[in-house]
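Colleague: This is the structure I want to talk about, given as structure tokens.
This is how it looks when you write it as structure tokens:
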């Protein structure tokens, strides 16, 4: 074998463990899910192998699934926008702080040390009828009866923000941290105010980080089912809840597979759009 | 049975004169040879039987089982019981479907309908009842319904029974009001936003049948049933999904009324909460069983089942989890606490409880679970 051929093979050899892992742990399961989506569920709960378009016809034509999908996208959009509004100042502050940067970053990572479910359930102790907020309001005489604050769309969004905000902050932080501070000084020396220099220089340069954080928040938010299950009311279900119910409650794995592929397709399309405008490298930067 | 026990039995037979010296030494030699040539894989396979997996409902039920059944059983036999939990029977059957044979062994299942589903999926085993002598103390009615499903054999033993009645906060709903309204209290406009409900499609349809004046095991007007479920949904604060969530919602006074599991309500009452409990006429009665899945280590599983059906373990678990045991009160003295538990039947006939008809519920499972899923989400 010539040296050139050996050189050409080397990257593939080095990549082979990762590619093999991805193939068996991601590609093969997805193929299984695709195959499953064309099967049927029998009355006993057993699966009937074959090639049936029944599940796909149901998922694509039934307005029930479409409405829940739109509701999910709406909740994910609201959450993402709120995360961006709340996360940008925090990320900017951390990136520009001279002292305690490490400690602030540590504080940002702290919630990840606690289970997501526990973090979500903590809102019950805060917003519940006998929770901290109601107790405080009652004790201070502001209200005479406890307020019903839990189990609605607002608490679902609140729970999602709690879960996703660190992802947004980290991505924006990485972006802002990479901006040369002297650029802002240069803008100021050329006559712009601090606010103008932020709007004209810092914000545009940090947009890729904001977009990466937005993408992560949106994808994770749209794919969640725990938050609406714990903090939502009867009509606050999201699309992932439908997948959960089809698989777990109804034992209808073929339908659940079709539903999950729809969600993957919608979120995959979003990632492709993001990649077209910003590229995936920014996302990796935020995750690293 | 482990090797040392086998050896002890063999030695006993030899000492008693049931076995001559030549046969005894021959058997010991053969056992030694078999042990010597066994591969490491065989050793692993045999050692795996030292452990049995048990899945149940979690919370106070799991605590009671661990304390009064599993730990003493492990101490007595050396067989470790690994216990897991599930939120619903549907969730468990889904896990089993995704697992390898033998991964899950014994489950604390509810209702004959689930037993029938496992049978239809080919997941039942056949118990050797000779290894479960304590089965003779179980209420016959509870055993017979399982035998009917599996052609005279058993893949489970009944363990306890209870009801899904209505729990209500006495500060806001009086006992008289409950008696007057019964199941219809769950559709009371006055309590809007303070009503709860289990997210289980069977329970929802059962109670909607009662609310529309129909036989819960044979509803003829399903449109009326779905409408009652919609009405309930619109008055609801939250569908709960586990016993822990049910107890939390009632204890924190997030909700004032919901259908609830009798044992969990009794636990709340023991904690001092002023929660009432009522079984409306034709309320939802159920029995729970210890189900052994196909591919489980049968001898060890039967040993555990027999241990759990002993009076000591059964009564202690029942007192811990607050559900009456399946033991027949006509044959076994159940002590002082059990007769005070909700749903307890001192006659052992269970004639006052209405159980789900498995053919009716399983026959409609596919369509009704899906339809309820839609209504639950506002459709």
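Chains as they are written, first to last, in the numbering used here: chain A, 1371 to 1658; chain B, 4 to 382.
Glycine included, every Cβ here is placed at the ideal spot set by N, Cα and C.
Could you tell me which residues DSSP puts in a beta bridge with residue 1623 (chain A)?
Modeller: DSSP lists no partner for residue 1623 (chain A).
Colleague: So, under 8 Å CB-CB, residue 136 (chain B) and residue 146 (chain B) are touching, yes? Tell me the CB distance rounded to an integer number of Å.
Modeller: The Cβ separation is near 14 Å, so there is no contact.
Colleague: Would you mind reading off the limits of the beta strand (DSSP E) that contains residue 165 (chain B)?
Modeller: Looking at the DSSP string, the run of the beta strand (DSSP E) that includes residue 165 (chain B) is 159 to 172.
Colleague: Near residue 62 (chain B), what residues of its chain come up, given a Cβ to Cβ distance below 6 Å and the 5 sequence neighbours on each side ignored?
Modeller: The residues are 246 and 247.
Colleague: Does residue 1467 (chain A) come within less than 8 Å of chain B when only Cβ atoms are used?
Modeller: With 8 Å as the cut-off, residue 1467 (chain A) does not count as an interface residue toward chain B.
Colleague: Pick from A:1406, A:1618, A:1498 and A:1398: whose alpha carbon is nearest that of residue 202 (chain B)?
Modeller: Checked all of A:1406, A:1618, A:1498 and A:1398; the closest Cα to residue 202 (chain B) is A:1618.
Colleague: Taking C-alpha atoms, which residue in A:1442, A:1581 and A:1552 lies nearest to residue 1593 (chain A)?
Modeller: Of A:1442, A:1581 and A:1552, the residue nearest in Cα terms is A:1442.
Colleague: Alpha carbon to alpha carbon, how far is residue 432 (chain B) from residue 1512 (chain A)?
Modeller: Outside the shown range of chain B (4 to 382) lies residue 432 (chain B), about which nothing can therefore be said.
Colleague: How many Å lie between residue 189 (chain B) and residue 261 (chain B) at the Cα?
Modeller: In a straight line, the C-alpha of residue 189 (chain B) is about 7 Å away from that of residue 261 (chain B).
Colleague: So residue 1582 (chain A) and residue 1541 (chain A) are in contact, right, with Cβ under 8 Å, and what is the actual spacing, rounded?
Modeller: That belief holds up - the Cβ atoms of residue 1582 (chain A) and residue 1541 (chain A) are roughly 5 Å apart, short of 8 Å.
Colleague: Just the chain A side, please: which residues come within less than 8 Å of residue 174 (chain B) by C-beta, in chain order?
Modeller: Within 8 Å Cβ-Cβ: nothing; residue 174 (chain B) doesn't reach chain A, min ~13 Å.
Colleague: Let me see if you follow: with CB-CB separation under 8 Å, is residue 372 (chain B) close to chain A or not?
Modeller: Chain A, which has a Cβ nearer than 8 Å to the Cβ of residue 372 (chain B), makes this yes.
Colleague: Could you please give me the residues that DSSP links to residue 263 (chain B) through a beta bridge?
Modeller: Beta-bridge pairing links residue 263 (chain B) to B:168.
Colleague: Comparing alpha-carbon positions, which option in A:1380, A:1425 and A:1601 lies nearest residue 1670 (chain A)?
Modeller: No information on residue 1670 (chain A) is available, as it lies outside the stretch 1371 to 1658 that chain A covers here.
Colleague: Apply the 10 Å Cβ neighbour rule to residue 205 (chain B) and answer buried if 16 or more other Cβ atoms are within range, or exposed otherwise.
Modeller: Label assigned to residue 205 (chain B): buried.
Colleague: Assuming residue 1635 (chain A) and residue 1625 (chain A) make a contact with CB atoms under 8 Å, what is their CB distance in whole Å?
Modeller: Residue 1635 (chain A) to residue 1625 (chain A), Cβ: 16 Å. No contact.
Colleague: Starting from the Cα of residue 1633 (chain A), find the closest Cα among A:1438, A:1452 and A:1396 and give me that residue.
Modeller: Measuring from the Cα of residue 1633 (chain A), the nearest candidate turns out to be A:1438.
Colleague: Is residue 56 (chain B) helix, strand or coil by DSSP?
Modeller: Correct three-state label for residue 56 (chain B): strand.
Colleague: State yes or no: is the beta carbon of residue 1619 (chain A) nearer than 8 Å to at least one beta carbon in chain B?
Modeller: Residue 1619 (chain A) counts as touching chain B.
Colleague: What is the residue span of the alpha helix (DSSP H) that residue 249 (chain B) lies within?
Modeller: From DSSP, the alpha helix (DSSP H) with residue 249 (chain B) extends over 246 to 254.
Colleague: Below 8 Å on the Cβ atoms is my guess for residue 138 (chain B) versus residue 312 (chain B); work out the distance and round it to an integer in Å.
Modeller: The pair is a contact, with the Cβ atoms about 6 Å apart (cut-off 8 Å).
Colleague: Take residue 140 (chain B) and list the residues in its own chain whose beta-carbon comes closer than 8 Å to its own, dropping the five residues that flank it on each side.
Modeller: These residues qualify, in order along the chain: 312, 314, 330, 331, 334 and 335.
Colleague: Name the chain B residues whose beta carbon is nearer than 8 Å to that of residue 1500 (chain A)?
Modeller: In chain order: 255 and 256.
Colleague: Exposed or buried, what is residue 41 (chain B) when buried is set at 16 or more other beta-carbons lying within 10 Å of its beta-carbon?
Modeller: Annotation note: pLDDT 46 at residue 41 (chain B) (below 50); position unreliable, coordinate value reported separately. Label assigned to residue 41 (chain B): exposed.
Colleague: For residue 199 (chain B), write down the residues that DSSP places opposite it in a beta bridge.
Modeller: According to DSSP, residue 199 (chain B) bridges with B:241.
Colleague: Alpha carbon to alpha carbon, what distance is there between residue 322 (chain B) and residue 1430 (chain A)?
Modeller: If I take the Cα positions, the gap works out to 51 Å.
Colleague: Using a 10 Å radius around the Cβ and a threshold of 16 neighbouring Cβ atoms, would you call residue 1611 (chain A) buried or exposed?
Modeller: Answer is buried; the Cβ neighbour count reaches 16.
Colleague: Leaving out five residues on either side along the sequence, give the residues of the same chain with a beta carbon under 6 Å from the beta carbon of residue 1606 (chain A).
Modeller: 1523, 1526 and 1598, listed in sequence order.
Colleague: Give a yes or no on whether the C-beta atoms belonging to residue 326 (chain B) and residue 163 (chain B) are separated by under 8 Å.
Modeller: A contact, by the Cβ cut-off of 8 Å.
Colleague: CB residue 352 (chain B) to CB residue 288 (chain B), shorter than 8 Å?
Modeller: For residue 352 (chain B) and residue 288 (chain B), no; Cβs fall outside 8 Å.
Colleague: If you draw a straight line from the alpha carbon of residue 43 (chain B) to that of residue 304 (chain B), how long is it in whole angstroms?
Modeller: Confidence in residue 43 (chain B) is poor, its pLDDT being 45 and thus under 50, which makes the residue's placement unreliable; the coordinate value appears in the next sentence. Computed Cα separation, rounded: 24 Å.
Colleague: Using the C-alpha atoms, what's the distance from residue 1384 (chain A) back to residue 1548 (chain A)?
Modeller: Cα to Cα, residue 1548 (chain A) sits roughly 30 Å from residue 1384 (chain A).
Colleague: Out of A:1392, A:1591 and A:1400, which has the shortest C-alpha to C-alpha gap to residue 1449 (chain A)?
Modeller: The residue with the shortest Cα to Cα distance from residue 1449 (chain A) is A:1591.
Colleague: Any Cβ of chain A within less than 8 Å of the Cβ of residue 117 (chain B)?
Modeller: No, no contact with chain A.
Colleague: Is residue 166 (chain B) closer than 8 Å to residue 345 (chain B) when the C-beta atoms are compared?
Modeller: Their beta carbons are under 8 Å apart, which means residue 345 (chain B) touches residue 166 (chain B) by this criterion.
Colleague: Mind reading off the beta-carbon distance from residue 283 (chain B) to residue 213 (chain B)? Whole number of angstroms is fine, and I expect it under 8 Å.
Modeller: Contact flag correct, Cβ pair sits at about 6 Å.
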